[in-house]
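Structure record follows, encoded as structure tokens.
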Ligand code: ZN
């Protein structure tokens, strides 16, 4: 099964639910960044919630999410567009903590810091909204973020499972949001359903698809409105790094030329290496 996300409206449009399976792309991110298990779990949860948040917007817009909870993993940064493409990085990929045989994502993230969500909606100014981390477990932190920063009562579930070879074999999540005018009995119904749900990673490991996760919450009282393929995709290019080099101070460019060595730049999101010959560096001089 490829990674994808489904959006549905439930209970006469008073509840909006997104569910996503992200197993392959989180495994790809794990391989790219060589994250240790608990770091894979934390990073995978952030990549998943980022993709779902990206799907809440349309067109040529994108979000950057930064989390720094003061834990050993350091900063986690993701960048996502509205087309189901995410990239990201973690400051310290080689961290791992387990607690009672469970990956302690919250402990590697820490809970002494903030989530910052920067929206570049292209049509308006860039703006950032922030909220304090609650537990570092990510799902709780985004539930709080939506309530505090966006005033939308939400429920967020996220999970990642890693096998004994440190490979990601189940990853995904959901975000459920209630709209104004929702009935009290609907909220009670949903709270009971979500409360009784098995962990999202366990459901995905049992071959639950995004549609099945939504079904579990609504008992079929919904309509699907959108499906989106998801991937770990970096938008870097040699041209983009060339443009970056061109912004260097002329003295710095001259010192690269004086070194007389090929310049190698590694993309921090996808680890692709770009090399620039001395001739290419010389072309950057005025
Ligand atoms: Zn890249």
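Numbering (this note's numbering), first residue to last: 458 to 743.
Here a beta-carbon is modelled for each residue, glycine too, at the ideal position from N, C-alpha and C.
All of these numbers come straight from a predicted model, not from anything done at the bench.
Can you name, in chain order, every residue of its own chain whose Cβ lies under 7 Å from the Cβ of residue 678, other than the five neighbours on each side?
467, 468
Is residue 726 near the ligand ZN, in the sense that its beta carbon is under 7 Å from a heavy atom of that ligand?
Flag set: Cβ of residue 726 near the ligand ZN.
Whose C-alpha, out of 627, 562, 598, 665, is nearest the C-alpha of residue 572?
When the alpha-carbon of residue 572 is set against those of 627, 562, 598, 665, the nearest one is in 598.
Would you kindly check if the distance between the Cβ of residue 499 and the Cβ of residue 565 is under 8 Å?
yes
Beta carbon of residue 729: closer than 7 Å to some heavy atom of the ligand ZN?
Yes, since a heavy atom of the ligand ZN falls inside the 7 Å radius drawn around the Cβ of residue 729.
Sort out for me which residues DSSP pairs residue 634 with in a bridge.
473, 611
Quick check on DSSP: helix, strand or coil for residue 503?
Shown here, residue 503 sits in a helix according to DSSP, grouped into three states.
For a quick check, are the C-beta atoms of residue 483 and residue 501 less than 8 Å apart?
yes
Along the chain, which unbroken stretches of the beta strand (DSSP E) at least 3 residues long are found entirely within the region 522 to 561?
533 to 538, 542 to 547
Which ranges would you report for the alpha helix (DSSP H) in the region 665 to 730 if only whole runs of at least 4 residues count?
667 to 675, 695 to 703, 707 to 716
Out of 655, 608, 646, point me to the one whose CA is closest to residue 616's CA.
655
Would you give the residue range spanned by the beta strand (DSSP E) that residue 483 belongs to?
Here residue 483 belongs to no beta strand (DSSP E); instead the alpha helix (DSSP H) covers 480 to 490.
Could you give the DSSP three-state label for residue 645: helix, strand or coil?
helix
I need the straight-line Cα distance from residue 588 to residue 741, nearest angstrom please.
42 Å
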